[in-house]
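Right, one structure below, let's go through it.
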Amino acid sequence: MMKSIDKKGQAGIGGISNSALSLMIVGIILVFGVIIITQMGDLDIITSGSDAEGAYNDTLDAVTSFSDWLPIVALLAVASVVLFMVVRSFPRTQ
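Residues in the sequence shown are numbered consecutively from 51, following the numbering used here.
Below, the structure is given as structure tokens:
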């Protein structure tokens, strides 16, 4: 998580919107990637048993298995924000 530090040296949570936006962009790119790869397979331009078919299947498997991790990444991002806010709520001793 990115954090910003103000003039008093206090850390803020100004970078949360950037992290959320980045996570949304990754999700959108994955969705479009799966749609494009699936449509390529439906065009019957890939001959059966060729290296291209193997590469197509490997790519589709890799993209779909990576997208399974997206909810976990989002959960970790939210957990880090909550942890940051809990730690920040304790008074600082100097």
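Think of the CB as a built atom: it goes at the ideal place given N, C-alpha and C, for glycine as much as any other residue.
Item: When Asp-111, Arg-138, Ser-139, Val-123 are compared against Gly-83, the one with the closest alpha-carbon; Value: Asp-111
Item: Segment limits, alpha helix (DSSP H) that includes Asp-101; Value: 101-117
Item: Rounded separation between Gly-104 and Gln-89 - CA only; Value: 16 Å
Item: Check whether Val-113 and Ile-78 have beta carbons under 8 Å apart; Value: no
Item: Beta carbon of Tyr-106 nearer than 8 Å to that of Ile-96; Value: yes
Item: Neighbourhood of Thr-143 by C-beta distance below 6 Å, restricted to the same chain and skipping five residues each side; Value: none
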